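Down below is the structure, laid out as structure tokens.
In this note's numbering, the protein residues as written are 120 to 183.
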């Protein structure tokens, strides 16, 4: 059985260094940006985590 409190503690301990080690996630974020065909009018990101993808989207589409 999963110890939810232990899981929460471990995630919290690593949250501050997540972006430092999230190389695969960063690569995928850049790939997702490349696949956007039409510039979006608005952007809504749900479950944005540390905001890395949100910042990329904002930088690529500041008008959205």
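C-beta atoms are modelled at their ideal positions from N, C-alpha and C, and glycine is treated no differently.
Note that the coordinates shown come from a computational prediction; the quantities given were computed from them, not determined experimentally.
Local conformation of residue i per DSSP, three classes
| i | result |
| --- | --- |
| residue 123 | helix |
| residue 132 | helix |
| residue 183 | coil |
| residue 152 | helix |
| residue 163 | coil |
When the options are compared against residue i, the one with the closest alpha-carbon
| i | options | result |
| --- | --- | --- |
| residue 174 | 128, 122, 143 and 152 | 152 |
| residue 168 | 182, 158 and 133 | 133 |
| residue 147 | 172, 179, 137 and 182 | 172 |
| residue 181 | 158, 150, 166 and 130 | 158 |
Residue environment, residue i, which counts as buried when at least 16 other CB atoms sit within 10 Å
| i | result |
| --- | --- |
| residue 176 | buried |
Nonlocal neighbours in the same chain, by C-beta distance under 8 Å from residue i, ignoring five residues either side
| i | result |
| --- | --- |
| residue 137 | 168 and 169 |
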